[in-house]
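Residue numbers (the working numbering), protein chains in the order written: chain A, -1 to 298; chain B, 0 to 145. Don't be surprised by glycine CBs; every beta carbon is placed ideally from N, CA and C. What follows is a short report on a single structure.
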Amino acid sequence: MSVATDPSEKFAAYAHPERLVSTEWLAAHLGEPGLVVVESDEDVLLYETGHIPGSVKIDWHTDLNDPVVRDYISPERFAEVLGSKGIGRDTTVVIYGDKNNWWAAYALWVFTLFGHADVRLLDGGRDKWIAEGREVTTDAAAAASADYPVVARDDSAVRAFKDDVLAHLGNGPLIDVRSPEEYTGERTEIPGYPTEGALRAGHIPSAASVPWAKAAAPDATFKTRDELEAVYLDGAGLQAGDDVIAYCRIGERSSHTWFVLTHLLGFENVKNYDGSWTEWGSAVRVPIVQGAEPGVVPAR
Amino acid sequence: MTDALPDALAEIRDEFLALGQQERLQLLLEFSNELPELPERYRDHPDLFERVAECQSPVFLFVEVDDADVAHLFVTAPKESPTTRGFASILVQGLAGLTSAEVLAVPDDYPQTIGLSQAVSPLRLRGMAALLGRAKHQVAAKRAQA
């Protein structure tokens, strides 16, 4: 049985208000049976410096990625990881993290690959919780382990592979959520991550440039529905009913955009291309466009 | 190769390798908390510091080589980046008291040898390699000036 949703007015305007909770809501529901709070950060030690009381840590590198193959963990491993954090299949999971919930959204997307039904984000994430002076602790959470079933991962609904992107070209919109410099091809890597580059620079033909953080307000919360529509509908030209593929460099920033398009704006067929630029920009003979214009899809 | 490693760096490496994965993170956190504040004389001199672009958070680094040819490494990193602070602190402690030539002789792959690849991930360890690389680069530049 899942925990009650947050009835706040801001969320009610979104397509799926049940996917967000506010800091006030979380403070009032901490410790409630059936709720597990998960911290997921870019920095692997941040949780240890202080976290929301009772929250558990899931790290995207060490917990969710397969250590050998470039893929997510197996169903068996997922069941093991979640069970060890006290999460069952019916548990309401609220994820929060640093940097506008960038990595939290990525964790949520991976939970979605495994069909976990009730997984939500804390609006404003770690930054807002701390800015409001709410309680944090360095005490390790004593997570009672739970039984999480081994469920097959469904890569067809929200995940796109390179061939899916090739087939999508010219048939639907793509959103490139990287920095403008990466989009134009001035640089192959994210500012600050120069070693995660690709062999070629630029973007996938026809992709619109909408850097992921445009969905966030200065206090790390998501912008309102009206503001988001201005960015993605008026700005990037998406239309209701579009099938959309989002990509970035390795699929983490685009998970954030995937969340916004799917759960806040209500697009029903949005996929995250996690191979993203580190695959596309190094693949042989895939089309690439450089410069500030989306460019045209070459005839096949 | 490893016998060229200065004592302090070797001790830090052995300390990490003696621990289980989870304890290695705790030790890294201890290093993070031990990163020294900048000495008074450098606090108001952001001009002296070089931004470490490889780290996503604002990390700044400065190396001084004194009259006795001993290198001193100073790093600032925000508390929201404890992993980077931990990497910096390992280097500050591990390079303390070394001459410029000894710093330059530190193997570039030191960050990959201290047993953090699994607990921290290889991707994140690149931030530490960048810190070491930039510290050595500054030492080399200062030797050339001397």
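- Shown in chain order are the members of the stretch 42 to 66 of chain A whose Cβ falls below 7 Å from a Cβ of chain B: 42, 43, 44, 46, 47, 59, 60.
- Taken atom to atom, the span from the alpha-carbon of residue 18 (chain A) to that of residue 5 (chain A) is near 10 Å.
- Around the Cβ of residue 70 (chain B), a 10 Å sphere holds 16 or more other Cβ atoms; the residue is buried.
- A:79 is the residue among A:244, A:79, A:168 whose C-alpha sits nearest the C-alpha of residue 112 (chain A).
- Only exposed fits residue 40 (chain B), as fewer than 16 other CB atoms lie within 10 angstroms of its CB.
- Taking the C-beta atoms as reference points, residue 267 (chain A) is found nearer than 8 Å to residue 241 (chain A).
- Separation of the CB atoms of residue 85 (chain B) and residue 28 (chain B) is rounded to 7 Å, and the pair is thereby assigned contact status at 8 Å.
- Under the criterion of beta carbons closer than 8 Å, residue 64 (chain B) and residue 142 (chain B) qualify as touching, at roughly 7 Å.
- Nearest CB-CB separation between residue 118 (chain B) and chain A: below the 8 Å threshold.
- The continuous alpha helix (DSSP H) containing residue 129 (chain A) extends over residues 123 to 129.
- Apart from the 5 residues on each side of it in sequence, residue 203 (chain A) sits with its Cβ closer than 8 Å to the Cβ of 167, 285, 286, 287, 292, 293, 294, 295, 296 in its chain, given in chain order.
- Counting the other CB atoms within 10 Å of its CB gives residue 216 (chain A) a total below 16, which places it among the exposed residues.
- Along the stretch 49 to 73 of chain B, the beta strand (DSSP E) occurs as fully enclosed runs of 3 or more residues at 59 to 64, listed in sequence order.
- For a Cβ distance threshold of 7 Å, nothing in chain A lies close to residue 38 (chain B): the least Cβ distance comes to about 24 Å.
- From the beta-carbon of residue 96 (chain A), the residues of chain B found nearer than 7 Å are 79.
- Residue 199 (chain A) and residue 279 (chain A) do touch by the CB rule: their CB atoms are close to 7 Å apart, below 8 Å.
- For residue 173 (chain A), DSSP records a beta bridge to A:206, A:244.
- Residue 105 (chain A) and residue 13 (chain B) have their alpha carbons spaced roughly 33 Å apart.
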